[in-house]
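**Student:**
Numbering (the UniProt record's numbering), first residue to last: 1 to 250.
Next comes the structure, spelled out in structure tokens:
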């Protein structure tokens with residue numbers, strides 16, 4: 001809650017690092033407020049590189065304090081590669097595909113999709129500046145020309161789609177447990193985006209969002225067991241836009 005224990009932490013830190021040589025970074029997060037937020041704004045580095053490099057499928061992700069990293073790497077890779085496979089199928093032989101990865105985090109989906117569809121123009125958007133720093137480092141390490149922006153995903157998508165280039169060909173969304181929310185779901189419903197890949201950590205909020213986007217129909221889906229022996233599930237679905245009155249799989 002405060003910096004009062006920092007001196008004690010620094011005193012014991014050498015013994016901790018000696019006992020656990022695999023530790024690559026240590027920091028202290030100061031969170032003085034009693035809120036539902038997990039972390040405070042102040043991060044104090046104590047030892048190491050300040051970030052963790054994790055090989056994740058076809059790319060390396062760079063996680064910093066206050067950025068989100070999936071705890072089960074193997075299952076995360078399955079999600080990223082599934083999204084990349086669907087994007088490759090959608091792209092076919094096209095060379096001018098535009099892809100937006102909203103709630104991109106460290107760039108797991110964006111970097112895998114760029115690897116799978118090298119000619120695509122991929123943009124990742126995430127509100128966390130620290131996560132975007134990690135995503136940009138991942139893009140540089142992969143030699144991928146992905147553009148990463150620190151911004152509110154909903155506000156950015158609405159504003160960007162209203163610009164001269166219009167909406168993209170594919171939107172990838174990987175929202176927090178609460179889901180997309182009414183504003184982004186409504187924008188997707190009316191955006192004209194033909195294909196959406198939705199990765200969800202909460203099937204209930206996914207169902208709510210799908211109900212708000214009736215013109216986007218499920219054409220494929222996959223369930224992955226991110227947390228074995230628990231009730232939690234991760235689901236990724238491929239959505240395709242259908243014309244009014246047109247029937248499609250659901």
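Backbone N, C-alpha and C fix where the C-beta goes; we use that ideal spot for every residue, glycine too. From a predicted model like this one, the values you see are computed outputs, not experimental measurements.
Measure the beta-carbon distance from residue 80 to residue 124 and round it to whole angstroms, keeping in mind my assumption that it falls under 8 Å.
**Tutor:** Working through the chain shown from its first residue, we reach residue 80 at position 80. Working through the chain shown from its first residue, we reach residue 124 at position 124. Not a contact, Cβ separation roughly 13 Å.
**Student:** Per DSSP, what kind of secondary structure is residue 68 in: helix, strand or coil?
**Tutor:** By 1-based counting over the chain shown, the position of residue 68 is 68. Coil.
**Student:** Between residue 168 and residue 157, what straight-line distance do the alpha-carbon atoms span, to the nearest angstrom?
**Tutor:** The count along the chain shown starts at 1 and reaches residue 168 at position 168. The count along the chain shown starts at 1 and reaches residue 157 at position 157. Rounded to whole angstroms, residue 168 to residue 157 spans 10 Å at the Cα level.
**Student:** Can you say whether residue 24 is buried or exposed, counting buried as having 16 or more other CB atoms within 10 angstroms of its CB?
**Tutor:** Taking the chain shown and counting its residues from 1, one reaches residue 24 at position 24. Residue 24 comes out exposed.
**Student:** I'd like the list of long-range same chain contacts for residue 176, defined as Cβ closer than 8 Å, with 5 residues on each side in sequence excluded.
**Tutor:** Indexing the chain shown from 1 puts residue 176 at position 176. Excluding sequence neighbours, residue 176 sits near 103, 201.
**Student:** Does DSSP put residue 130 in a helix, in a strand, or in coil?
**Tutor:** On the chain shown, position 130 is the one that residue 130 refers to. In the three-state reduction of the DSSP assignment, residue 130 falls in the helix class, which pools H, G and I.
**Student:** On a CA-only basis, which of 45, 188, 37 is nearest residue 209? Give me that one, please.
**Tutor:** One-based indexing of the chain shown puts residue 209 at position 209. Cα-wise, what sits closest to residue 209 is 188.
**Student:** By the DSSP assignment, the beta strand (DSSP E) with residue 30 in it spans what residues?
**Tutor:** Working through the chain shown from its first residue, we reach residue 30 at position 30. Residues 25-30.
**Student:** Please go through the same chain and pick out, in chain order, the residues whose beta-carbon is closer than 7 Å to the beta-carbon of residue 213, but skip the five residues on each side of it.
**Tutor:** As a working note, residue 213 is residue 213 in the chain shown. Closer than 7 Å at Cβ, skipping near neighbours: 185, 188, 189.
**Student:** Under the rule that 16 or more other beta-carbon atoms within 10 Å means buried, what is residue 106, buried or exposed?
**Tutor:** Numbered from 1 along the chain shown, position 106 holds the residue referred to as residue 106. Residue 106 is buried by the Cβ-count criterion.
**Student:** Take residue 34 as the anchor and find which of 129, 44, 1, 19 has the nearest alpha-carbon.
**Tutor:** For the purposes of this step, residue 34 is taken as residue 34 along the chain shown, with counting starting at 1. The option with the nearest alpha carbon to residue 34 is 1.
**Student:** According to DSSP, simplified to helix, strand and coil, what is residue 63?
**Tutor:** Residue numbering aside, residue 63 sits at position 63 when the chain shown is read from its first letter. Note: residue 63 maps to strand in three-state DSSP.
**Student:** So, does the segment 57-74 touch the segment 135-151, judging by three or more C-beta pairs under 8 Å?
**Tutor:** yes
**Student:** If you follow the beta strand (DSSP E) that residue 152 is part of, which residue opens it and which one closes it?
**Tutor:** If you number the chain shown from 1, residue 152 lands on position 152. Segment: none, residue 152 is in no beta strand (DSSP E) and carries neither H nor E.
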